[in-house]
Structure formats: structure tokens, C-alpha cells
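These protein sequence lines map, in sequence, to chains A and B.
For the first sequence, the UniProt record's numbering assigns the number 1 to the initial residue and increments by one for each residue that follows.
For the second sequence, the UniProt record's numbering assigns the number 1 to the initial residue and increments by one for each residue that follows.
Have a look at the structure below, then the notes.
Number of protein chains: 2
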Amino acid sequence: MDTKITLTEEQIPRQWYNIIPDMPGPLHPVINPRTLQPVTPDDLLPIFPMAIVEQEVSNQRWIDIPDEVRDIYRLWRPAPLFRARRLEQALGTPAKIYYKFEGVSPAGSHKPNSAIPQAYFNKKAGIRRLATETGAGQWGSSLALACSMFGLECTVYMVKVSCTQKPYRKSMMQLWGANVIPSPSEFTNAGRSILAHDPDNLGSLGIAISEAVEDAATHDDTNYALGSVLNHVCLHQTVIGLEAKEQLKIAGDYPDVVIACCGGGSNFAGLAFPFIADRATGKQVRCLAVEPASCPTLTKGIYAFDYGDTAKMAPIAMMYTLGHDFMPPGIHAGGLRYHGESPLVSQLYAAGAIEAKSYKQNACFEGAVLFARSEGIVPAPESSHAVRAAIDEAMLAKEEGKERTILFGLSGHGQLDMGAYDAYLSGNLEDYEYPEEKIREALERLPKVSL
Amino acid sequence: MDTKITLTEEQIPRQWYNIIPDMPGPLHPVINPRTLQPVTPDDLLPIFPMAIVEQEVSNQRWIDIPDEVRDIYRLWRPAPLFRARRLEQALGTPAKIYYKFEGVSPAGSHKPNSAIPQAYFNKKAGIRRLATETGAGQWGSSLALACSMFGLECTVYMVKVSCTQKPYRKSMMQLWGANVIPSPSEFTNAGRSILAHDPDNLGSLGIAISEAVEDAATHDDTNYALGSVLNHVCLHQTVIGLEAKEQLKIAGDYPDVVIACCGGGSNFAGLAFPFIADRATGKQVRCLAVEPASCPTLTKGIYAFDYGDTAKMAPIAMMYTLGHDFMPPGIHAGGLRYHGESPLVSQLYAAGAIEAKSYKQNACFEGAVLFARSEGIVPAPESSHAVRAAIDEAMLAKEEGKERTILFGLSGHGQLDMGAYDAYLSGNLEDYEYPEEKIREALERLPKVSL
């Protein structure tokens, strides 16, 4: 009666799964925001190494994981798969609940799964420094860790207000040797132009992206790294689902439903894509993306071409979006704040190949507290969305008196997010639902792409 | 070439190793502070269940771990053993460095190894609530977790100043359902008498111990739980060393030296005692306890009968001590602040069976930063003492041009201690060495025990 299913280092996947050849139809082109024409490799090479550009558009189903990347993965992978027996008991459900725990990475989340290969491919391409942006700091700390492993310098433009609100993640980046710059900053044109109008600007993810991209584009020895959304990031994260499949095989089980929280989409993609691949062999598995009601990209957004950032400097992609000038409400506790969505995840959702659901945050924290008190682990606020949805699936099974096998992704631990738990436990966490009329307004501001 | 050696759940130890029958000579009696006569079981039963009292004095070498305890251990045990290949490379040492990582527990440290069985034995004895004290919160959060797993109520007297300085660990306890009371409080005579003289008293571990013991002693349904020092706590922690031995066997290795940080002693005991047991079979392994220069109990303290707490209410034990009114300097960043030392560890040290060494904190953080930048994991400030000592052993091997096998205990992660890293990285961490004259003064205040 195993509770925790572990694999050996030998069983760390040797290849990432690339869903592109298995997509329902061809990919939409990515559009250059200046020319409004499809992006070419030449547009991307100033900020990404060739290996990453190739992965972004590859039609190869399996892509080798370099030994140097697997060597670093060994520091925490294979990540454990747990059977949540104590949670099942607490719920009195006939459902079997499994969760894949990615909080065992040194940064405490799944993000290093992509940070490590991105650092590696850049190092191999002769790059000396990586620039990136971070909000709450999950991605920034993961890239700082990755750069430290490969001897790269790392510059993180961190949303200014987060530097104050999340000082611990800032410290982790510095511990791993990164240079953390509060954004907007005086170091870029993008930053300076904001500060010229508004010296007290507290920053946003959109502004920080613009600064990091500009930094990379204007320095020959520097590239840019993004922590979600793009195809190659989804690709790297598939180690999650590939391992989970092996572990469920050991348990003699297969999920009826796979559940993961969804912001930019790479965490959901990482767990779900390898299961979606099984559909070719006739296996039926539902895949459920869970997002916050305060940033309901899939459940309330529209499927359209939109800018990747607020400043309209990042490429335009066909994706679910709330509008590139979306500002998440300040009361929202846990990540998952991006206005858009991975184009791959978006296309699957538009094709009806996956499901989506949104939750208000109090419901998520309620689930997370029940989880922590039965399974011990404190979920990251982001992961609490998947916890909540898994609990609801298990309770539905109970109502229906049916067994079912649920797999969800516990993408990170929440030990650095205790402030949000405090707010929940003291009844001070406000719920917020993103209003439909705001989305209708945002429609007016989408780029006009005609191909 | 394995980096991480994992065991299966089946390999979680089925028995704890009790070192008492293998000690160099009989144990010294523990003394009742009121009568100055040896403690009897009747003195202890108001605050501990019989099973724990029996473990405290048992002469049985192996003590069964109940299935109910192993079932909770499964949530994170077996804990991984790592070969620190990247650290070895960074040091250029011929030494092989292994570390046993206990930071994978839900509370982030080794403390739940004893919190879980303590909660279990109390639950089984019909106890409804446990009371304890906590300083920085490592032990309090572990006991809160354990009580949550067994449906016990939990009251934690937390040093008042720590409630403000370590709010996240307080939140973790509350998340797991504990009632956290800033100490000194109005809930106990001990607390009230302090507040009557000094309403703004910020608390100390000694005062918090007094409050928790009084709470337990004055409520029939409530017992007390201690997180280190006592024999049964050392016993429970031996799962660390027992697993490490199995893992090293898989690696085909055996340590020349075992290194662990040492405060109250249970972490050191947990890793080292199972290796000390091997000496009976002729194996020679050095065991090194590492402590802060600001609380140098073994390296500068004296071996004498002393009170377990500042208020002279806890039993008197023969141990290394800095004097029961020892106040650790405020500048000291990481735990390990107890004035005394596990009587078992003390007796071994007095007999020359183990070694001890102290480090100033900047040297420890220097080692921890090197470790984090090569191995990824952020060490707890407590664990950084072992990291530093392991690095020095490895560098000595390099100087001597000799191979040697080093095993050290990474007792916890430091993600909730980033403030201390900030202070170190910005050059604001002060070193402090506890002055010898203070220890000589403290000698005057030891209890006069004559048996």
C-alpha cells in the first residue's frame, strides 16, 4: 500500500514530449508587433539561442534532453507522486486521488524544469548573461538557480511592488547570485520612459517583460528567458507528466481526469500533454485547466490575436486573452496573473480537447487548508486551484457513488506564501470575479491582424 | 553515477535505535528541581505518556516504530541521500561528500521525526491536547503538523519576539490548526508573574518552556512535548542515520566522518548514533558535532548538573551547559540556542567518543552560499554549521591529497530564513563569540546536587 511512488534517477525522462505534431490542426503564426507579419527566426535570434528557436517550432514528437540538463534535474527529479490516502479518508470519497509534487525543487516549484534547459542552451550558444522578468519571484528564482548551475550571469527585472511584498524570493535570487533590479528601472528605455511620467510607478509584469527583452536585445552577450506561455517552455515541463505516467503504471492505475492550475499554461501543459498524447492509443482522459476567477483567461477570455505584453513590444499570438492591458486586482493572492495563455493550450481549448474551470480564491484556500491538514504539505496558492478542483471531482464521485482516478499537479509549496494563508485564516481574503464588461472593452484594443 | 540515493517506503526503518545500552557507562540520574533527588516516573507522568517515559529510560537496543507512525513518515520518508558531486567539483577535493537531506518534510526540517511519534503515543494514551514551546518555530510547526495528523489539539507558546520576527512559521502552525500564544502570556502563572514585573517582556525559550510545562501539568487532558535534548527525542531521530546507512550501502560507501549541527542534540544524535553503534563491529567512524560560537555548549561549556530551563522548573540533568540563565545574543541568526545539551550527547563527548567544533556565523553562511550555488538547495542557518564543517573536512583532504568519505546532515531548508541570508550577503551579519568569563560566572549559579 504505497503512499509515495518514487522513481530512480535512471527513470528521469530522456526526451521531452513535443505536442506540436499531435495538435488538432496547424499552429497559428506568431506575429511581429512592429510589422504585423509572421515572426521569422531572424526576429527571435537577438534574444533566444537557435536551439530554443528550433524547439519553438519543431515538428519532432520527441526531443532529447541533454545529459547536462538531466544531471541538474537529478538534484530533485524524479519528483514524487503521492496517493492522497489521508485526503481521500477526510473526504470519504471512493475516488483515488494522486498528486505529482513539484515543490521538491530547490526553488520550490516546477519552474526550474524549464529554467535549467534554457540556461543550458544559452550557455552552449556562448551567451554570458540572461535577462528575465519576475512578479512574485517563482520564475526569477528558478532562472537564478539555473544560471548559478551553469555559471551564467542573471539579471532579473522584478516588479517593484513585489520586491517589497515578496522580499524572501528576492533574497533567494540574490543568494543564487542574480542581480535583481526593481522594475521600472533607469537601466532601460522602457523603464526610463515610464519613470519620466510616473516616478512612483510600482511596476507590472508587462513593464518588467519590456525591460528584460530590451536588455537582451541591446546586448550581444545577453539573451532573454521566459518562464511560461511559449511552446518550448511547455515542452520542457512535460517531464512532469512523463514521470507521472511511469509512476501511475507502477501503481497499476490510469487517471480518468488530470487537473492542473493554469496561468501562462506551462504547468498545465507539463502535466497534461503526455496524457493527451495517449488519446492516439484510444485512452480517454479528461484534462482540466484551473484558473483564478480574478484572471479567467480560458473561461471568460476570448480567442484572438493579442500582444504578449502591455507595452506591445512582445510578439502577438493567437491565444485566449483578457486584453494585453489587463491589470490583475491587488487582492489576488497567488500568481496565475498573465492576461494571455499558452497558444498551445489555447488551441487545445478552442478545439474542445481540454476543459477549463475557474475558482474564487477563498474556495481555493479552503481546499488548501484541508489538504495541508491531511497530507501535511502546504500548497502554493497557485497549486491550491488544482487542489480545490481535485477535491470537487472527488466529492462528485462520492455523490455519484462511483470510483474514479484523479491526478492533479501540486506545482509548488506555499511556505513563502504564508501571508496569503494568514489573510484566509483571519477571514480577510477578498473574493473577486473579473467583470465581463471589462473583457468586452478590451476587445476594442486588440491588434488588427490580417494574414 | 547516482547523485541522489532514494529508498522505497518499505525501507523506512521499522525500529528506532536506542543508544542507552551501548553508552560508555551508566546514565546519570535526572534530578527533580524541587527535591534535588532523582526524578521518578511519577514526577514525569503528569506531563508525558507512559510509553514516552519508558522510552526515556529503556535499555532495549531496538524499539519498534508503530505502523501508525510509519504511515505518516511515508509522507516524506525515506529522506534522500545526495552525493554532493557539484560541491566536490567546486572545491576540487578528492573527498566524497554525501548529505542526508531532512528538509523534505512538510515542516522543512528533521523535527517531525519526533513530533509524529510524540503525538501518536499521546493520542494512544487518551490525551486530547499537547502543549509545547517554540523559539524560531521549527519545533512548534512540526508539532502542529503532527497534532493535525492525529486529531490532537496543539497549544504552542511562542517566544513573543519570534512571533513578530518569524511570522511565517507562526502562520504555518495556525494553518495546521495550532493555537499559537505569544509568550509570556496571561494564561499561566509563569507568564503572569513575568508580565507583572515587566509588561513589555519579549519572552525567551526558558519562559516559554515554563509556560508549556505548567499548562500540561495543570490540565489532565493535556501533555507536554519537547523537541530535543531528551533521550526519547534522540531515539526518534535515529531514523535519519539508519536510512543514511542503508543508502551508503547502496552507494558502496561508508563514512570516515559523520557531521551534524548540534543545539539540543537530537539532530546530531539522529544522524550519528546509528554509526556509533557500528563501532561494536570494529568500524571506525569519527562523529563531529558542530555548534555556533555564540552558543558553544560542548566546546566551551562545562559538564555539570544544571537546570533544563531558566525558571528552574524543568528537571536538572548532567550535561554540558553554559548556565541555565544563558541568553543567546540577539545577533545570532540560526537556532541552536539552547544553554544545555542532550545528556546522551554530553556523556559521549565527555567520554571522548565524539568530537565537537564551533563556528562563527559568517563562516557558516559563506559555506551555505557556496553550497546553494553548487547543489541548489538553500540550507537552514542551523544546517549551515554542518555544511561549513564538511567543506573544511573536504579541504583538509585536498591539502593532504587523501580521499575520504564525508557524510553530513542537512537538517532543514532555509527558505524561511532568507532574512539571515540577506544580512550575510549585505555584510551586515555580526560575528559573536561567547566569552569565557561569562561561563565562569555561570558556574556560580549551578544547582548543588549531591547524590
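C-beta: ideal position from N, C-alpha, C; glycine also.
In this text the structure is predicted, and so the values were computed from the model without any measurement.
To the nearest whole angstrom, what separates the beta carbons of residue i and residue j, a pair I think is in contact under 8 Å?
i: residue 286(A); j: residue 306(A); result: That pair is no contact at about 28 Å.
i: residue 266(B); j: residue 193(B); result: Not really, about 30 Å apart at Cβ, beyond 8 Å.
i: residue 104(B); j: residue 139(B); result: In fact, because the Cβ distance is near 18 Å, the residues do not count as touching under 8 Å.
i: residue 247(A); j: residue 269(A); result: About 19 Å separates the two Cβ atoms, so there is no contact after all.
i: residue 214(B); j: residue 185(B); result: The Cβ separation is near 11 Å, so there is no contact.
i: residue 169(B); j: residue 137(B); result: 3 Å
i: residue 360(A); j: residue 433(A); result: 7 Å
i: residue 80(B); j: residue 101(B); result: 5 Å
i: residue 412(A); j: residue 336(A); result: At roughly 12 Å, the Cβ-Cβ gap does not stay under 8 Å, so residue 412(A) and residue 336(A) are not in contact.
i: residue 123(A); j: residue 152(A); result: 6 Å
i: residue 393(A); j: residue 377(A); result: That pair is no contact at about 19 Å.
Using DSSP with H/G/I as helix, E/B as strand and the rest coil, what is residue i?
i: residue 117(A); result: helix
i: residue 347(B); result: helix
i: residue 49(B); result: coil
i: residue 383(A); result: coil
i: residue 163(B); result: helix
i: residue 299(A); result: helix
i: residue 360(A); result: coil
i: residue 76(B); result: coil
i: residue 319(B); result: strand
i: residue 306(B); result: strand
i: residue 365(B); result: helix
i: residue 236(A); result: helix
i: residue 339(B); result: coil
i: residue 505(A); result: No statement about residue 505(A) is possible, as the shown extent of chain A runs from 1 to 451 and does not include it.
i: residue 69(B); result: helix
i: residue 410(A); result: strand
i: residue 200(B); result: coil
i: residue 417(A); result: coil
i: residue 355(A); result: strand
i: residue 94(B); result: coil
i: residue 404(B); result: coil
i: residue 311(B); result: coil
Name the residue from the options whose alpha carbon lies nearest to the alpha carbon of residue i.
i: residue 50(A); options: 184(A), 224(A) and 72(A); result: 224(A)
i: residue 390(A); options: 32(A), 373(A), 31(A) and 88(A); result: 88(A)
i: residue 132(A); options: 208(A), 320(A) and 191(A); result: 208(A)
i: residue 414(A); options: 448(A), 327(A), 439(A) and 379(A); result: 379(A)
i: residue 435(A); options: 243(A), 365(A), 67(A) and 299(A); result: 299(A)
i: residue 448(A); options: 239(A), 301(A), 426(A) and 35(A); result: 35(A)
i: residue 512(B); options: 233(B), 74(B), 107(B) and 144(B); result: Past the edges of chain B, shown from 1 to 451, lies residue 512(B), and the structure says nothing about it.
i: residue 252(B); options: 244(B), 126(B) and 12(B); result: 244(B)
i: residue 113(A); options: 441(A), 71(A) and 39(A); result: 71(A)
i: residue 56(B); options: 41(B), 82(B) and 123(B); result: 41(B)
i: residue 261(A); options: 163(A), 149(A) and 110(A); result: 110(A)
i: residue 301(B); options: 313(B), 318(B), 310(B) and 288(B); result: 318(B)
i: residue 22(A); options: 5(A), 7(A), 325(A) and 62(A); result: 62(A)
i: residue 324(B); options: 99(B), 363(B) and 442(B); result: 442(B)
The stretch 30-51 of chain A: which residues have C-beta closer than 9 Å to a C-beta of chain B, in chain order? none
Short of 9 Å Cβ to Cβ, which residues in the stretch 378-395 of chain B face chain A? 378
Output needed in chain order: residues of the stretch 111-123 of chain B with a Cβ under 9 Å from some Cβ in chain A. Listed in sequence order: 112.
So within the stretch 245-288 of chain A, which uninterrupted beta strand (DSSP E) runs reach at least 3 residues, ignoring any that extend past its ends? 257-261
Which runs of the alpha helix (DSSP H) at least 4 residues long sit entirely within the stretch 147-194 of chain A? Give them in chain order. Within the stretch 147-194 of chain A, the runs of alpha helix (DSSP H) at least 4 residues long that lie entirely inside it are, in chain order, 160-165 and 167-175.
Entirely enclosed alpha helix (DSSP H) segments - the stretch 3-35 of chain A, minimum 4 residues: none
Check distances from the C-beta atoms of the stretch 161-190 of chain A to those of chain B and list, in chain order, the residues that come in under 9 Å. 167, 168, 169, 170, 171, 172, 174, 175, 176 and 177
Check distances from the C-beta atoms of the stretch 347-372 of chain B to those of chain A and list, in chain order, the residues that come in under 8 Å. 369 and 372
Below 8 Å between beta carbons is the criterion; list the residues of the stretch 295-306 of chain A that meet it against any residue of chain B, in chain order. none
To be precise: take each residue of the stretch 418-429 of chain A, compare its Cβ to all Cβ atoms of chain B, and keep it if any distance is under 8 Å. Which residues remain? 418, 419, 421, 422 and 425
Closer than 7 Å between beta carbons: that is the criterion. Which residues of the stretch 95-108 of chain A meet it against chain B? Those residues of the stretch 95-108 of chain A placed with their C-beta closer than 7 Å to a C-beta in chain B are 104, 106 and 108, ordered along the chain.
Which of the residues in the stretch 432-443 of chain B, read from start to end, lie with their CB under 7 Å from any CB of chain A? Residues: none.
Using a beta-carbon distance cut-off of less than 7 Å, what residues from the stretch 398-418 of chain B approach chain A? 415, 416 and 418
Quick one, which residues of the stretch 52-83 of chain A are near chain B if we go by CB-CB under 7 Å, in chain order? 74 and 75
Can you list, in chain order, the residues of the stretch 2-15 of chain A whose Cβ is nearer than 8 Å to any Cβ on chain B? 2, 3, 4, 6, 8 and 9
Compile a chain-ordered list of the residues in the stretch 135-146 of chain A whose CB is closer than 7 Å to at least one CB of chain B. 145
Residues in the stretch 235-250 of chain B with C-beta within 7 Å of chain A's C-beta atoms, listed in sequence order? none
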